[in-house]
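Adding 49 to a residue's 1-based position in the sequence shown gives its number in the numbering used here.
Backbone N, C-alpha and C fix where the C-beta goes; we use that ideal spot for every residue, glycine too.
These notes concern the structure reproduced below.
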Amino acid sequence: MKTRTAACAALIALAALTAGCSDGGADDKPEQPVATVTATKTVDPVAAREACVDAWADAILANDDLGLEDEPAECAGLPEDDRLDRYMDGLQKRNEISRGAFDHGVE
């Protein structure tokens, strides 16, 4: 019976030893930083300016009383020092549109 008790004790000790040596998962390892990538919108400055001028032309067609301070939302983010030029280009484009409509008998 001593052999049986010794064998049981050895088996219990072995089970305790293997249970104590378990890895325990990622709890023991420091957390690694995760890299995130964010897409940034790339805007073509020439296309953005043209969209602004088109928006000015449309806005001035709809309301002749608009002034430089009424800049359309499409112009947001464009350089302030070009603001007057964009307005004048929009005014000129509106005039070209109006002349085209007049030349085709549309008033």
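By the criterion of at least three beta-carbon pairs nearer than 8 Å, the segment 96-103 is in contact with the segment 119-134. Arginine 132 sits away from glutamate 145, with the two beta carbons spaced by 8 Å or more. Per the C-alpha coordinates, the member of Leu115, Ile109 and Thr85 positioned closest to serine 147 is Ile109.
Distance from the CA atom of methionine 137 to the CA atom of asparagine 112, rounded to whole angstroms, is 15 Å. If you look at glutamate 99, you'll find it in the alpha helix (DSSP H) that goes 94-111. With fewer than 16 other Cβ atoms from the protein chains shown falling within 10 Å of its own Cβ, glycine 149 counts as exposed.
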